[in-house]
Every structure is written in structure tokens, then in C-alpha cells.
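Peer 1:
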Amino acid sequence: MDEGTILAVAEEAWVSLVGEEEVLVPLAGELPADVVSSWVDVVGPWTGSVVLTTGQATAEALSRALLREAAPEVLEPEDVEDAFGEIANVVGGSVKAALPGPSGLSLPQVGHAPLVRNPVDVCRVDVLWRGEPLTISVQGALPPLPASH
Numbered sequence: 039m040d041e042g043t044i045l046a047v048a049e050e051a052w053v054s055l056v057g058e059e060e061v062l063v064p065l066a067g068e069l070p071a072d073v074v075s076s077w078v079d080v081v082g083p084w085t086g087s088v089v090l091t092t093g094q095a096t097a098e099a100l101s102r103a104l105l106r107e108a109a110p111e112v113l114e115p116e117d118v119e120d121a122f123g124e125i126a127n128v129v130g131g132s133v134k135a136a137l138p139g140p141s142g143l144s145l146p147q148v149g150h151a152p153l154v155r156n157p158v159d160v161c162r163v164d165v166l167w168r169g170e171p172l173t174i175s176v177q178g179a180l181p182p183l184p185a186s187h
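In the numbering used here, the protein residues as written are 39 to 187.
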């Protein structure tokens with residue numbers, strides 16, 4: 039998985055979830071102290087996690103954008119978890135579709151990002167949405183298999 043593929047699938051997900059006028063700008067920004075992550079795990083020939091991380095206020099704004107007119111005046115934490123988790127689910131499903139072989143996808147989770155289990159198998163894309171930083175990372179869970187001789 040490379041940065042271009044991750045950005046392409048994230049952009050497709052954004053258009054389908056929050057609308058054509060909402061764009062991801064491939065520029066890095068500094069994440070705030072109050073970050074929240076949403077992720078799904080992929081299990082198959084490649085096993086790992088697709089993780090979205092942003093500030094709490096940006097997660098709430100994303101939730102409002104996803105819910106559109108159905109968004110309540112005051113978002114409950116469960117509303118944000120459901121909406122931000124759904125975004126991870128759609129992005130993760132698109133990443134899964136780009137991987138070789140059949141794979142399964144877990145239910146989305148929201149909270150502190152999962153630990154990176156295999157640092158050499160991480161691809162991260164930093165973007166801005168409405169000027170706010172968001173990271174999307176595809177993190178392998180397993181070390182590479184030893185080379186056969």
C-alpha cells in the first residue's frame with residue numbers, strides 16, 4: 039500500500055460520505071493534544087489496521103458533515119463515535135478492496151489509536167480537511183515472513 043493509493047481511496051470516501059464540495063488537501067498539519075482515532079482491522083493475506091486520527095473538534099465537525107440535516111443540535115459522544123467510526127469503516131473497506139486476496143474487515147472502533155505493531159509496515163498520509171489536520175495510516179500487524187533460502 040502506498041501513499042497515493044491511500045489518498046485516492048480516502049478522497050473517494052470523502053466525496054461519498056460528506057459531499058463533493060469537501061476536499062482533503064495533502065498537507066501536513068500539527069494534530070492538537072485532544073486527538074481521537076477511529077479504525078478498522080483488516081484480516082487476510084495482509085493483516086493490519088486502517089487508522090484515522092484527528093482532533094476531537096474535527097471529529098465532531100466530520101460527524102456533522104456526515105449526518106448533514108439529520109445532525110442534532112448537540113452531538114452526543116455516541117453520535118461522534120458512530121459517525122467517525124463509519125468514516126473509518128468506508129476508508130478501511132476501500133483499502134481492503136485494493137489489497138490482494140479475500141480479506142475480512144472488523145467493526146470500527148473509536149478511541150486511542152492502536153499501537154503500531156510492525157513499524158516497517160506503516161504508510162501514513164497527512165491531510166487537511168477544512169484546514170484541520172487528519173492522518174490516515176495503514177499499519178501492518180505482522181512482521182514480514184523470513185526469506186526462504
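Note that CB positions come from ideal geometry on N, CA and C, so glycine has one too.
Got a sec, what are the start and stop residues for the alpha helix (DSSP H) G131 sits in?
Peer 2: Locating residue 131 in the sequence shown gives position 93, where the first residue counts as 1. First-last of the alpha helix (DSSP H) with G131: 115-136.
Peer 1: Excluding sequence positions up to five away, which residues of its chain have a Cβ less than 7 Å from the Cβ of A99?
Peer 2: By 1-based counting over the sequence shown, the position of residue 99 is 61. So the qualifying residues of the chain are R168.
Peer 1: What does the Cβ neighbour count give for S132, buried or exposed, with the cut at 16 atoms within 10 Å?
Peer 2: Counting from one through the sequence shown, the residue named residue 132 turns up at place 94. Buried.
Peer 1: By Cβ distance, which residues of its chain are closer than 6 Å to T43, with the 5 residues on each side in sequence left out?
Peer 2: Looking up residue 43 in the sequence shown gives position 5. Closer than 6 Å at Cβ, skipping near neighbours: A136.
Peer 1: Around the Cβ of A66, are there at least 16 other Cβ atoms within 10 angstroms (buried) or fewer (exposed)?
Peer 2: Within the sequence shown, the letter at position 28 stands for residue 66. It is exposed - the Cβ of A66 has fewer than 16 other Cβ atoms within 10 Å.
Peer 1: Please state the DSSP three-state secondary structure of E170.
Peer 2: Counting from 1 along the sequence shown, the entry for residue 170 is found at position 132. Strand.
Peer 1: Starting from the C-beta of T91, find all residues in its chain whose C-beta is less than 6 Å away, skip the five residues before and the five after it, and write them out in chain order.
Peer 2: On the sequence shown, residue 91 is found 53 positions in, with the first residue counted as 1. Closer than 6 Å at Cβ, skipping near neighbours: V73, S75, A151, T173.
Peer 1: With H, G and I counted as helix, E and B as strand and the rest as coil, what does DSSP make of L45?
Peer 2: Translated into positions along the sequence shown, residue 45 becomes position 7. Note: L45 maps to helix in three-state DSSP.
Peer 1: If you draw a straight line from the C-alpha of W52 to the C-alpha of S101, how long is it?
Peer 2: As a working mapping, residue 52 is identified with position 14 in the sequence shown. As a working mapping, residue 101 is identified with position 63 in the sequence shown. Cα to Cα, the separation comes out at about 12 Å.
Peer 1: If you follow the beta strand (DSSP E) that L90 is part of, which residue opens it and which one closes it?
Peer 2: Reading the sequence shown from its first residue, position 52 is the one you call residue 90. That run of the beta strand (DSSP E) goes 86-93.
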